[in-house]
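Asks: Quick note, the sequence shown lines up with residues 99 to 159 if you use this note's numbering. Positions of the beta carbon are idealized from the N, C-alpha and C atoms, including for glycine. This structure is a prediction, so every number in the text was calculated from the model and none was measured. Can you keep this structure in mind? I'll have questions shortly.
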Amino acid sequence: MPDFENQEARWERSLAKIGIGCLPDYDYTVQLLADYTVPDDLPMVIDLDRIGTDFDYDFHN
């Protein structure tokens with residue numbers, strides 16, 4: 099994430115803390131994907147509320 103005070107990149111481990119790139123709802127997300135991507139881009143959307151729950155993503159396959 100950008101550090102606006104010294105104009106350098108700063109690493110943050112939590113996407114939820116950053117707020118940048120976190121979208122408010124499903125419909126808005128779908129609209130942004132439709133407006134700014136093409137199928138070859140293969141965009142990925144992660145629901146942060148699923149992380150650490152029974153419905154967490156299985157990235158090990």
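Between M142 and Q105, what straight-line distance do the alpha-carbon atoms span, to the nearest angstrom?
Replies: Mapped onto the sequence shown, residue 142 falls at position 44. Mapped onto the sequence shown, residue 105 falls at position 7. For M142 and Q105, the distance between alpha carbons rounds to 28 Å.
Asks: Can you find the residues in the same chain that come closer than 8 Å, C-beta to C-beta, to Y155, ignoring five residues on each side of it along the sequence?
Replies: Counting from one through the sequence shown, the residue named residue 155 turns up at place 57. Closer than 8 Å at Cβ, skipping near neighbours: I144, R148 and I149.
Asks: Which two residues bound the contiguous alpha helix (DSSP H) that contains L131?
Replies: Residue numbering aside, residue 131 sits at position 33 when the sequence shown is read from its first letter. That run of the alpha helix (DSSP H) goes Y124 to Y134.
Asks: Which value, in whole angstroms, describes the spacing of the CA atoms of P122 and Q129?
Replies: Stepping through the sequence shown from its first residue, residue 122 is reached at position 24. Stepping through the sequence shown from its first residue, residue 129 is reached at position 31. When rounded, the distance between both Cα atoms is 12 Å.
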